[in-house]
Amino acid sequence: KTALDKQDKEFTAALNGAWSATEGPAVSMLMTDKCLDCFSFINVMAYDMNNEAHSPLWFADTSIDYWLNRGVPAEKIVVGMPLYARPSWIQYRHLVIQDPDFAYTDYASTVPLASHYNGLNTLREKTIIALSKAGGVMLFDVNEDSDDETSVVAMIDGMIKRTAHLTPAEMKGYVSVVLEERELTFGPEEGLGVPFIDENQRTMIPFRKPLEAISAVVGYEPEIQTVTAEKDGIKVRVIIGQNILYVNDQPLTMDTRAIIKEGRTYIPLRQVFEAFGFAVEWHGSSRTAVIKQAV
691 KTALDKQDKE FTAALNGAWS ATEGPAVSML MTDKCLDCFS FINVMAYDMN
741 NEAHSPLWFA DTSIDYWLNR GVPAEKIVVG MPLYARPSWI QYRHLVIQDP
791 DFAYTDYAST VPLASHYNGL NTLREKTIIA LSKAGGVMLF DVNEDSDDET
841 SVVAMIDGMI KRTAHLTPAE MKGYVSVVLE ERELTFGPEE GLGVPFIDEN
891 QRTMIPFRKP LEAISAVVGY EPEIQTVTAE KDGIKVRVII GQNILYVNDQ
941 PLTMDTRAII KEGRTYIPLR QVFEAFGFAV EWHGSSRTAV IKQAV
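For this note's numbering, count along the sequence shown from 1 and bump the result up by 690.
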């Protein structure tokens, strides 16, 4: 390490991921604290678990926590993300060539072997986790990326640019939304508001953009401070400052209230989308709301 420092070179290592935040594989436990202190950073191989779905979201999250608990500074932890499937070993770019929609899922029924991998949405969530509590991400390997709108490198670059203005504390509160397998972006430059988690730990979203994204007709009645949305015979009304949601005039109690913040109306995400027949899944580790039409 001293010799490398004199040559202005870095000393790094590729280390295993961990199934537990407190107990790593035997080879990782052999890594001494003195050795870890020598590294400029570590690349955590959070992939190739011993099953087909070899790199789930939780594995990246747990692997970060393991090395944090080993005393590695957050900024020195780089999370590895795979661009290949198992057991088929098909590269991400080749999966996208077969079907562009494969970019947005984590499984493809390929032949002769199936493909379990990380699509853009999972890779984005891992990037958010890494930006929130680690030093960054790396791809194994970048040559397996696509070169179009499904590019993983472009996604990572976009996420870094979109969150560059956030403080570390603000990054830990960053909320993302995936609607029907596609990211629904909210940028401050749009002036339409950005999602946040309120004091009741409920995800709040700007009213207009996400509802217009599902082709709902959005309205506002200023005299009674009420926002409305209509789609397929369903009309939703929400009165600002209240925790009552009216679905076709039937009142439903929400677990937080609609508010106006910085000139924009915010509503609880889950109840409003469920009123229109959507299912909402919350990924707490990445603070991502996944919204799909209920089956």
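The C-beta atom is built at its ideal place from N, Cα and C for all residues, glycine as well. No experiment lies behind these values; they were computed from the predicted model shown.
In the DSSP assignment, L813 falls outside any beta strand (DSSP E) and lies within the alpha helix (DSSP H) extending over 810-823.
Taking a contact as a CB-CB distance under 8 Å, the pair V985 and V962 does not count as one, their CB atoms being some 19 Å apart. The C-beta distance from A919 to L901 rounds to 5 Å, short enough to fall under 8 Å. Boundaries of the beta strand (DSSP E) around T978: 978-983.
Using a Cβ distance threshold of 8 Å, E860 and K982 do not count as a contacting pair. Under DSSP, W972 takes part in a beta bridge, and its partners are A979.
Pairing G770 with V843, the inter-Cα distance amounts to about 13 Å. If only uninterrupted alpha helix (DSSP H) runs of at least 4 residues are considered, those enclosed by the stretch 895-971 are 898-903, 959-965. According to the DSSP assignment, M845 belongs to the alpha helix (DSSP H) that extends over 842-853. In summary, V928 is buried, with 16 or more beta-carbon neighbours lying within 10 Å of its beta-carbon over all protein chains present. Inter-segment contact for the stretch 886-895 and the stretch 819-836 is absent: fewer than three beta-carbon pairs are separated by less than 8 Å. In the structure shown, V762 adopts coil according to DSSP, grouped into three states. When rounded, the separation of the alpha-carbon atoms in E880 and L874 is 13 Å. Between the beta-carbon of D847 and that of Y782 there is about 16 Å, and that puts the pair past the 8 Å contact cut. For T692, the enclosing alpha helix (DSSP H) stretches over residues 692-696.
Boundaries of the beta strand (DSSP E) harbouring P772: 767-772, taken from the DSSP string. Residue environment analysis places F701 among the exposed positions, since fewer than 16 neighbouring C-beta atoms fall within 10 angstroms of its C-beta. Secondary structure at A736: coil, using DSSP grouped into helix, strand and coil.
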